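Engineer: Counting along the sequence shown from 1, when you hit position 120 you're at 120 in full-length UniProt numbering, and nothing is skipped either side. We treat Cβ as the ideally placed atom computed from N, Cα and C, and that holds for glycine. None of the values given here were measured: they were computed from a predicted structure.
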Amino acid sequence: MAKSKKPSLKASFSKFQEKKYRDHLEKSREAVRVEQLKKNKAGNSSIKSKGKQRASSLPAGVVPFSPTDTILLIGEGNFSFTRALFISNHPQLQHLPPQNVTATAYDSEETCYAKYPDARDMVKDLRDKGVNIVFGVDATALHLRKEFKGHRWKRIVWNFPHAGKGIADQDRNILSNQILILNFLRCAADFLETGDIPSFKSHSKRSSTSDNSMEDVNEETNNISNQDYQTKERGTILLTLKNVSPYTLCSDQIFGKDIRIKFNKLTGSSPTGHRGVLASITLTSPASHALLHGSPEAKKAGEAEILQHSRKVARGKYVHSFEMHRVRPDAADSYKKAAEKYYTGLIANPDLKVKLTGGWETLIGEQDTFLHVLEYENYGGFDKVLGLVKGSEHEAAYKDMLPYITHRTSQLNQEFAFFPSSPPSCKGGIFELRTYQLAPGKLLEWEAAWRKGIEARRELMAPVGAWFSQVGRLHQVHHMWQYSDTKTRKEIREKAWQRNGWSETVSKTAQLATIMDASILLPLPYSTLK
Numbered sequence: 001m002a003k004s005k006k007p008s009l010k011a012s013f014s015k016f017q018e019k020k021y022r023d024h025l026e027k028s029r030e031a032v033r034v035e036q037l038k039k040n041k042a043g044n045s046s047i048k049s050k051g052k053q054r055a056s057s058l059p060a061g062v063v064p065f066s067p068t069d070t071i072l073l074i075g076e077g078n079f080s081f082t083r084a085l086f087i088s089n090h091p092q093l094q095h096l097p098p099q100n101v102t103a104t105a106y107d108s109e110e111t112c113y114a115k116y117p118d119a120r121d122m123v124k125d126l127r128d129k130g131v132n133i134v135f136g137v138d139a140t141a142l143h144l145r146k147e148f149k150g151h152r153w154k155r156i157v158w159n160f161p162h163a164g165k166g167i168a169d170q171d172r173n174i175l176s177n178q179i180l181i182l183n184f185l186r187c188a189a190d191f192l193e194t195g196d197i198p199s200f201k202s203h204s205k206r207s208s209t210s211d212n213s214m215e216d217v218n219e220e221t222n223n224i225s226n227q228d229y230q231t232k233e234r235g236t237i238l239l240t241l242k243n244v245s246p247y248t249l250c251s252d253q254i255f256g257k258d259i260r261i262k263f264n265k266l267t268g269s270s271p272t273g274h275r276g277v278l279a280s281i282t283l284t285s286p287a288s289h290a291l292l293h294g295s296p297e298a299k300k301a302g303e304a305e306i307l308q309h310s311r312k313v314a315r316g317k318y319v320h321s322f323e324m325h326r327v328r329p330d331a332a333d334s335y336k337k338a339a340e341k342y343y344t345g346l347i348a349n350p351d352l353k354v355k356l357t358g359g360w361e362t363l364i365g366e367q368d369t370f371l372h373v374l375e376y377e378n379y380g381g382f383d384k385v386l387g388l389v390k391g392s393e394h395e396a397a398y399k400d401m402l403p404y405i406t407h408r409t410s411q412l413n414q415e416f417a418f419f420p421s422s423p424p425s426c427k428g429g430i431f432e433l434r435t436y437q438l439a440p441g442k443l444l445e446w447e448a449a450w451r452k453g454i455e456a457r458r459e460l461m462a463p464v465g466a467w468f469s470q471v472g473r474l475h476q477v478h479h480m481w482q483y484s485d486t487k488t489r490k491e492i493r494e495k496a497w498q499r500n501g502w503s504e505t506v507s508k509t510a511q512l513a514t515i516m517d518a519s520i521l522l523p524l525p526y527s528t529l530k
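1. What is the residue span of the beta strand (DSSP E) that residue 516 lies within?
2. Determine the contact status of residue 158 and residue 96, defining contact as a CB-CB distance below 7 Å.
3. How close, in whole Å, do the beta carbons of residue 424 and residue 529 come, if the pair is a contact with beta carbons under 8 Å?
4. Report all residues from its chain with a CB closer than 7 Å to the CB of residue 142; omit the five preceding and five following residues, and keep chain order.
5. Specify the secondary structure class of residue 280 as computed by DSSP and reduced to three states.
6. Which residue marks the beginning of the beta strand (DSSP E) containing residue 72, and which one marks its end?
7. What are the start and end residues of the alpha helix (DSSP H) that includes residue 122?
8. Between the segment 343-353 and the segment 382-398, are three or more C-beta pairs nearer than 8 Å?
9. Which of helix, strand or coil does DSSP assign to residue 148?
10. Is the CB-CB distance between residue 401 and residue 332 below 7 Å?
11. I'd like the list of long-range same chain contacts for residue 327, defined as Cβ closer than 8 Å, with 5 residues on each side in sequence excluded.
12. Would you mind giving the Cβ-Cβ distance between residue 436 and residue 516, rounded to the nearest angstrom? I have them listed as a contact below 8 Å.
13. From which residue to which residue does the alpha helix (DSSP H) around residue 92 run?
14. From this set, 178, 82, 183, 146, which residue's C-alpha is nearest residue 133's C-alpha?
15. Quick one: grab the DSSP three-state call for residue 87.
16. Going by the CB atoms, is the gap between residue 72 and residue 156 shorter than 7 Å?
17. From residue 119 to residue 377, what distance separates their C-alpha atoms?
18. With burial defined as no fewer than 16 other Cβ atoms inside 10 Å of the residue's Cβ, what is the status of residue 484: buried or exposed?
19. Compare the Cα-Cα distances from residue 481 to each of 380, 503, 457 and report the closest residue.
20. Using the three-state DSSP reduction, which class does residue 345 fall into: helix, strand or coil?
21. Would you check if the distance between the CB atom of residue 411 and the CB atom of residue 468 is smaller than 7 Å?
22. Classify residue 511: buried if its beta carbon has 16 or more other beta carbons within 10 angstroms, exposed otherwise.
23. Run the CB neighbour count on residue 67, radius 10 Å, all protein chains shown included, and call it buried at 16 or more, exposed below.
24. Tell me which residues share the same chain as residue 99 and place their Cβ nearer than 6 Å to its Cβ, disregarding the 5 neighbours each side in the sequence.
25. Is the distance from the Cβ of residue 453 to the Cβ of residue 505 below 7 Å?
26. Classify residue 330: buried if its beta carbon has 16 or more other beta carbons within 10 angstroms, exposed otherwise.
27. Looking at residue 599: is its Cβ nearer than 7 Å to the Cβ of residue 419?
28. Please classify residue 344: is it buried, with 16 or more other beta-carbons within 10 angstroms of its beta-carbon, or exposed?
29. Can you grab the Cα-Cα spacing for the pair residue 79 / residue 320, in whole Å?
30. Assuming residue 102 is part of the beta strand (DSSP E), what are its boundary residues?
31. Might you give, ordered along the chain, the residues of its own chain that have their beta carbon closer than 6 Å to the beta carbon of residue 70, omitting 5 neighbours on each side?
32. By Cβ distance below 6 Å, which residues in the same chain neighbour residue 519 in space, the five residues on each side in sequence not counted?
33. With 16 as the cutoff for other CB atoms within 10 Å, does residue 1 come out buried or exposed?
34. Please go through the same chain and pick out, in chain order, the residues whose beta-carbon is closer than 6 Å to the beta-carbon of residue 492, but skip the five residues on each side of it.
35. Going by CA-CA distance only, name the one from 318, 237, 522 that's closest to residue 64.
36. Residue 413 to residue 470, Cα distance in whole Å?
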């Protein structure tokens with residue numbers, strides 16, 4: 001009789017690993033079940049005491065994770081939240097594998113340690129445990145990170161997202177945060193695990209101070225953490241939002257006021273003790289619901305909704321008119337005199353309320369070409385100036401330029417919200433105007449990628465201004481830089497390539513543009529920027 005063949009070492013080890021994983025999963029489920037029974041028992045005792053010592057019955061924290069979740073943490077500061085996941089006694093966290101967690105910070109590693117002295121030890125401890133730590137991650141440009149290519153997570157978490165701008169103007173601050181969150185949601189959707197849409201229990205409105213509301217919290221978090229035991233569910237985005245103004249104004253205008261009913265049911269403290277409102281982004285309108293879960297069908301249905309927010313990449317306060325004049329080579333000096341009279345006359349008239357951002361002559365690029373950028377108080381201000389100039393001395397001054405001009409174009413642009421134009425200055429040197437013709441529908445994607453690059457270059461140099469077209473030649477983006485000379489320009493651009501994120505930005509924006517132009521300009525004597 002032939003002897004039975006012994007299983008190979010590889011097959012035996014594979015079988016052992018499978019059994020070990022099943023045992024681990026069963027142990028985790030049992031721990032969650034026992035903890036839930038304890039909570040239910042404590043809740044019943046609280047009801048019988050008719051509200052006595054109500055505060056003591058509050059849960060120590062909302063923990064919307066299960067031990068089998070893969071988790072991407074966005075925007076960590078000193079990584080204390082990440083560390084808290086592995087020192088918590090909560091049963092849902094005791095068996096969380098460190099290798100399932102990827103924690104990211106917007107700052108570079110060097111900057112992070114300079115800002116937070118305790119971060120170095122925390123990062124070392126987390127890395128020793130097996131947590132994946134990644135620095136220099138822009139929440140709105142996850143697709144630019146090579147480390148994330150092909151990865152998907154069950155939970156993508158961002159605690160207290162904020163644009164980080166010290167802007168006194170509250171409206172602009174709210175707008176910046178809205179743009180940040182919208183771009184993050186749109187980007188993160190492609191990194192969520194695929195599967196069935198999660199179905200969370202919908203509750204009727206109840207008093208947020210009742211015992212029932214706390215039962216809702218327990219039941220809701222239990223649903224979030226245990227839903228994947230039954231079937232393969234799509235991943236979920238979790239935001240922790242401050243439940244005070246102006247942050248509530250930001251979330252209201254993005255998600256709608258009704259969503260805050262659900263947010264408030266999940267009020268609790270994070271493992272680190274920071275109190276806020278935990279928003280499970282799975283409960284919005286049908287289109288955006290699946291959009292945030294990465295559904296191709298819902299992305300198409302929700303595109304119109306997202307495009308309504310495309311205007312929010314604009315600062316919105318001003319309109320800038322780009323006036324380009326091509327002049328006869330033999331008439332350049334005469335044109336300059338006529339142009340100075342016209343443009344200085346406009347800004348000198350207090351009734352017009354128009355400003356000259358700058359005036360330049362092209363040195364390298366389209367020869368014999370002049371650019372003037374006028375700033376109006378939005379479209380209403382532009383319309384007002386048109387009416388006041390008609391039949392005035394300003395119209396006559398404009399006509400005095402016409403004999404010297406062979407071709408002229410105009411374009412209305414708006415500033416990008418994240419970078420308003422520079423105020424008047426006199427630093428000397430040259431200016432570079434870079435113009436990109438984008439493929440239709442790529443403005444938001446371009447803005448997200450380019451903003452990442454601006455942060456990378458900020459320590460070296462910031463642009464003078466950044467605009468995108470709204471009337472005239474559409475789908476165009478302009479940004480302007482000032483250098484002392486062409487040699488300095490070359491040196492700064494070479495240093496920028498050594499900055500983390502800049503090469504990725506160049507690669508990404510190049511894919512979104514169909515035509516790119518770079519012109520070197522010299523400021524005219526009456527330019528406010530020179």
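Structural biologist: Taking the coordinates as given:
1. 513-523
2. no
3. 6 Å
4. 148, 187, 188, 191
5. The pLDDT assigned to residue 280 is 49, lower than 50, so where the model puts this residue is not dependable, and the model offers no usable value.
6. 71-74
7. 119-129
8. yes
9. helix
10. no
11. 335, 368, 369, 370, 404, 405, 406
12. 5 Å
13. 91-94
14. 82
15. coil
16. yes
17. 45 Å
18. exposed
19. 457
20. helix
21. no
22. exposed
23. buried
24. 130
25. yes
26. exposed
27. Residue numbering for the chain in the displayed model covers 1 to 530; residue 599 lies beyond these limits and cannot be assessed.
28. exposed
29. 42 Å
30. 101-104
31. 100, 153, 154
32. 362, 365, 433
33. Residue placement at residue 1 is poorly supported in this model, since its pLDDT is 49, which falls under 50; the coordinates still yield a value, given next. That one is exposed.
34. 460, 461
35. 237
36. 5 Å
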